[in-house]
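Working notes, structure below.
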Amino acid sequence: MRVSRTQAAENRQTVINVASRLFRERGFDGIGLKDLMKGAGLTQGAFYKQFASKEDLAVEASRRALESASGRWSDAATAHPDDPLGAVISFYLSDDHRGERMDGCPIVALGSDAARQGPEVKAEFEAGIKAHLDVLSGFLAGAGEEASRGKAMAILATMIGAVTLSRVVNDPDLAQALLDAAAEQVRDTAAA
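Per our numbering, the very first residue in the sequence shown carries number 138; after that it's consecutive.
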């Protein structure tokens, strides 16, 4: 049965959305095309009508995941204009976010995988990291452009590192302590 252009476009978006979540959960190499397409409710044969390669899909899925993550930061800040950084800290350095394997931060979930991917995937991660830095720099605008950018880099690295470490330990108390210590350090860095 032939699929309309509209349906094909919808199918493509479905595959990108599913891949965005499954890649975060299992890694780029942790899921094959058959299972990925099954998760999207499509056949493996439909994949090559939509994408040139799995790497092509990885680029699109990375972009989608990073845009979503940056959007979550902006949404948190907008919801709490009196303390936008505090709002981001509250959700990002939380036990709930720590447990979000499919919808959590793609930099945490896929950072080491992305480092082993091609330049197109890396370019999407670079753009996503820059977007996060822009959001953070906006919170620190009173410090001057150069100083706020440096603080934003330190804050982003601290937050990503804390969530990463909290996910790799079994001890829930240690995991929470890592998140709490990072939150304190981020607040101190922002205030300095």
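Beta carbons: idealized from backbone N, C-alpha and C, even for Gly.
Quick caveat, the model's predicted, so the values are computed rather than measured.
*Which of the three DSSP states, helix, strand or coil, is assigned to residue 218?*
By one-based count along the sequence shown, residue 218 stands at place 81. Here residue 218 sits in coil by DSSP.
_Am I right that residue 243 and residue 199 are in contact with their C-beta atoms under 8 Å? What's the rounded C-beta distance?_
Within the sequence shown, numbered from 1, the residue matching residue 243 stands at position 106. Within the sequence shown, numbered from 1, the residue matching residue 199 stands at position 62. Right, the Cβ-Cβ distance comes to about 7 Å (below 8 Å), so this counts as a contact.
*Indicate the three-state DSSP secondary structure (helix, strand or coil) for residue 178 in the structure shown.*
Taking the first residue of the sequence shown as 1, we reach residue 178 at position 41. In the structure shown, residue 178 sits in coil (DSSP, three-state: anything other than H, G, I, E or B).
*Between residue 259 and the rest of its own chain, which residues show a CB-CB distance below 7 Å, the 5 nearest in sequence each way excluded?*
As a first step, residue 259 is located in the sequence shown; it is residue number 122 there, counting from the start. Correct list, in chain order: 251.
*Could you check which residue in 148, 236, 188, 293 has the C-alpha nearest to that of residue 226?*
In the sequence shown, residue 226 corresponds to position 89, counting from 1. Closest by alpha carbon: 293.
*Rounded distance between the beta-carbons of residue 268 and residue 205, thought under 8 Å*: For the purposes of this step, residue 205 is taken as residue 68 along the sequence shown, with counting starting at 1. For the purposes of this step, residue 268 is taken as residue 131 along the sequence shown, with counting starting at 1. Contact doesn't hold; Cβ gap of about 11 Å is too wide.
_Using 8 Å for Cβ pairs, my map puts residue 323 next to residue 295. What's the rounded Cβ distance?_
Taking the first residue of the sequence shown as position 1, residue 323 is located at position 186. Taking the first residue of the sequence shown as position 1, residue 295 is located at position 158. Yes, they are in contact, since the Cβ atoms of residue 323 and residue 295 sit about 6 Å apart, within 8 Å.
_Burial state of residue 288 (16 or more Cβ within 10 Å)_ = Position 151 of the sequence shown, counted from the first residue, corresponds to residue 288. Classification of residue 288: buried, given that the 10 Å Cβ count is 16 or more.
*CB contact flag (residue 201, residue 249, <7 Å)*: In the sequence shown, counting from the first residue as 1, residue 201 sits at position 64. In the sequence shown, counting from the first residue as 1, residue 249 sits at position 112. No, these two residues do not count as a Cβ contact at 7 Å.
*Report the option in 209, 318, 213 whose CA atom is closest to the CA atom of residue 240.*
Residue numbering aside, residue 240 sits at position 103 when the sequence shown is read from its first letter. Nearest of 209, 318, 213 to residue 240, Cα basis: 209.
*With distances taken between CB atoms, is the gap from residue 147 to residue 238 smaller than 7 Å?*
Along the sequence shown, one-based indexing puts residue 147 at 10. Along the sequence shown, one-based indexing puts residue 238 at 101. Not in contact: residue 147 and residue 238 (Cβ atoms no closer than 7 Å).
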